[in-house]
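Under the working numbering, the first residue of the sequence shown carries the number 21, and numbering increases by one thereafter. First up is the structure itself, then whatever we jot down about it.
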Amino acid sequence: MISLVIPVYNEEGSLPLLFAAIAELSKQYPDMEAIFIDDGSKDSSLALLREEAGIHPYCKVISFARNTGQTAAIQAGIDHASGDVLIFLDSDLQNDPRDIPALLAKLDEGYDVVSGWRKERKDNPIKRNLPSHIANAIISYVSNVPLHDYGCTLKAYRKEVIKGVRLYGEMHRFIPVYAAWRGAKVTEIPVTHHARRFGFSSYGLERVFKVLLDIFVIKFLDCYFSKPIYVFGGFGLLAIFLSFLALFVALGLKFFADTSLIQTPLPLFSGIAFLLGGISILLGLLAEVLSRTYFAANGQPAYLIREKINLPKSQESAS
């Protein structure tokens, strides 16, 4: 069974055509479900979704009380999906539902995640495409999961690789990274991309800065989530080292260059850097306690097992 997860926000113009495309797809996949998440639309999108759900049982609707964002909408779709395969799809018709069979065929080759690549993207080359290329290059470098197009919503996942994932901010674009951390095989294929026909995009250049900040988050979660002291403590030790260095330079200036300590900002810098270093180390220790509390409270080990062979039954059930 496949589950389509489709966030919707003010897409009354595109929904009738999208409904028709999904109805054609349902003939090929009769056990398919389409979960529409209305993200607080202010137009008639929700009314159209209700009408469609009354006609086709495979159409399921989740309506948010207010606009929360695409990441929250996708999270709701993941939480309520029944299928073994989840496919994310935009509702603005820029993604083409006719590419879905190609994604599923690629999954059948043994992959766990198939990401769409808008190779010939029909968006503004300066406002949309250029920032996207830069962001994709940075994300691929930081995460070590090389994809051309993290921003393409059209992606297919086996449910087990994203089971239990919790998304915040703009993190939906990083789901392939999360899946790869869990040992998933990730690939991508070119997909069709259409110019927007109805409405306008709700995303601007400010989204680029949000994505860049989220990159720091995923890097921290990847490398330091179970050992946060390495980040905070490392910065703290560096700050303390700089504080002593500044103090030695200030003393050197006093004894060898006849420069009073009040004539240079180095003593003040030394004191602030030492204080900052101490606070950073204490924050690292606190983060270590929180990290261990997280793993203990959730009964979750700091490792992920793909397979067990010839282990006693008691050990198999333990994880």
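Using N, Cα and C, we set each Cβ at its ideal position, and we do this for glycine too. The model shown is predicted, which means the values in this text are computed figures rather than measured ones.
Distance between Phe108 and Ser311, taken at the CA atoms: about 31 Å. By the 16-neighbour rule on beta-carbons within 10 angstroms, Glu180 is exposed. The residue among Leu286, Ile260, Thr284 with its C-alpha nearest the C-alpha of Gly298 is Ile260.
If the five residues before and after Pro27 are omitted, its C-beta is found closer than 7 Å to the C-beta atoms of Ile57, Asp59, Gln90, Ala93, Ile94, Ser111, all from its own chain and listed in chain order. Within the same chain, and ignoring the five residues on either side of Ile235 in sequence, the residues whose Cβ sits closer than 7 Å to its Cβ are Ile158, Ile159, Val162. Inclusion of Lys80 and Ile120 in the CB contact set at 7 Å is not warranted, their separation being larger than that value.
Beta bridge pairing from DSSP links Thr207 with Val134.
If you draw a straight line from the Cα of Ala122 to the Cα of Thr212, it is about 11 Å long.
The Cβ neighbour count for Gly203, taken over all protein chains shown within 10 Å, is under 16; the residue is labelled exposed. Asn164 sits exposed, since fewer than 16 C-beta atoms from the chains shown fall within 10 Å of its C-beta. Looking at the DSSP output, Phe56 bridges to Ile26, Val81.
Within the stretch 137-193, the complete beta strand (DSSP E) segments at least 3 residues long are 175-178, listed from N- to C-terminus. Contact between Ile195 and Pro117 does not hold, since their C-beta atoms are separated by about 20 Å, which reaches or exceeds 8 Å. Residue pairing by DSSP places Ile107 opposite Leu24, Ala176 in a beta bridge.
Burial state of Met21 is exposed, judged by a 10 Å Cβ sphere holding fewer than 16 other Cβ atoms. Here Leu167 is buried. Its C-beta has 16 or more other C-beta atoms within 10 Å.
Ser300 and Gly272 have their alpha carbons spaced roughly 28 Å apart. Of the residues Val133, Leu35, His76, the one whose Cα lies closest to the Cα of Leu66 is Leu35. Sequence-distant partners of Ser102 (beyond 5 residues in either direction) whose C-beta falls short of 7 Å from its own C-beta, in its chain, are Met21, Ser23, Glu53. Across the set Tyr244, His192, Val269, the C-alpha of His192 shows the shortest separation from the C-alpha of Asp169. Around the CB of Tyr78, 16 or more other CB atoms lie within 10 Å, so the residue is classed as buried. His213 is bridged by DSSP to Asn115. Exclusion of the five residues before and after Glu32 leaves Asp63, Ser64, Ser65, Leu68 as the residues of its chain whose Cβ lies within less than 7 Å of its Cβ. Just measuring C-alpha positions, the residue of Gly74, Ser152, Tyr29 sitting nearest Lys230 is Ser152.
Assignment of Thr88 by DSSP, reduced to helix, strand and coil, places it in the coil class.
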